[in-house]
Amino acid sequence: MNLVDVVKQDHLNPKAKEIPAFKTGDTVAVHAWIKEGNKKRIQVFQGTCIAIKKHGDVEGHFRVRKTSSGIGVERVFPFHSTNVEKVEVVQKGKSRRAKLYYLRDRSGKSARIAIDYDRKK
């Protein structure tokens with residue numbers, strides 16, 4: 039084992055194993071810790087997962103997009119971040135692509151993703 043692998047092992051988050059399996063197109067609710075002044079609280083960020091890179095790896099992350107007051111908001115959550123408390127899959131979506139960056143240019147009905155009833159929870 040080289041030095042890079044040792045450092046990666048030190049930064050693993052034990053809660054990362056509790057993250058459920060999801061794909062791009064799924065609607066997920068991410069419970070993340072945020073700090074306001076000297077207080078910490080959990081805020082739920084619910085939106086569509088538009089990208090996943092290196093699923094489960096130390097350097098891996100997933101990108102969630104939602105529309106808030108007509109403005110698109112994206113957040114990137116690393117899998118091994120200590121700020122991610124838990125991830126819930128709210129709805130499974132049908133997606134034929136690995137990255138759904140085209141949703142950035144769309145709004146309204148054209149930004150919808152079909153529900154995948156065939157995939158099991």
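Residues 39 to 159, numbered by the numbering used here, are exactly what the sequence shown covers, in order.
Don't be surprised by glycine CBs; every beta carbon is placed ideally from N, CA and C.
Complete runs of the beta strand (DSSP E) confined to the segment 81-136 [at least 3 residues] = Whole beta strand (DSSP E) segments, 3+ residues: 99-106, 109-116, 122-129.
Contact the segment 39-47 vs the segment 80-89: 3+ CB pairs below 8 Å = no
In chain order, what residues of the same chain have a beta carbon less than 7 Å from the beta carbon of S148, not counting five sequence neighbours either side?
-> If you number the sequence shown from 1, residue 148 lands on position 110. Counting only Cβ-Cβ distances below 7 Å, and skipping sequence neighbours, we find nothing.
Within 9 Å, strictly: CB atoms of A54 and H118 = Locating residue 54 in the sequence shown gives position 16, where the first residue counts as 1. Locating residue 118 in the sequence shown gives position 80, where the first residue counts as 1. Yes, they are a contact pair.
From V122 to I72, what distance separates their C-alpha atoms?
-> Position 84 of the sequence shown, counted from the start, is the residue given in the question as residue 122. Position 34 of the sequence shown, counted from the start, is the residue given in the question as residue 72. C-alpha separation (whole angstroms): 10 Å.
In whole angstroms, what separates the C-alpha of F115 from that of K124?
-> The sequence position of residue 115 within the sequence shown is 77, counting from 1. The sequence position of residue 124 within the sequence shown is 86, counting from 1. Computed Cα separation, rounded: 11 Å.
How long is the line joining the alpha carbons of K46 and I90, rounded to whole angstroms?
-> In the sequence shown, residue 46 corresponds to position 8, counting from 1. In the sequence shown, residue 90 corresponds to position 52, counting from 1. C-alpha separation (whole angstroms): 19 Å.
Which one of C87, I109, Y140, T105 has the shortest CA to CA distance from G131?
-> Counting from one through the sequence shown, the residue named residue 131 turns up at place 93. Answer by Cα proximity: C87.
Could you tell me the boundaries of the beta strand (DSSP E) in which K73 lies?
-> By 1-based counting over the sequence shown, the position of residue 73 is 35. K73 -> beta strand (DSSP E) spans 65-74.
Is DSSP giving R150 helix, strand or coil here?
-> Translated into the one-based positions of the sequence shown, residue 150 becomes position 112. DSSP places R150 in coil when its eight states are reduced to three.
Do we get a CB-CB distance below 9 Å when we pair K77 with the residues of chain C?
-> Looking at the structure shown, chain C is missing, and only one protein chain is on hand.
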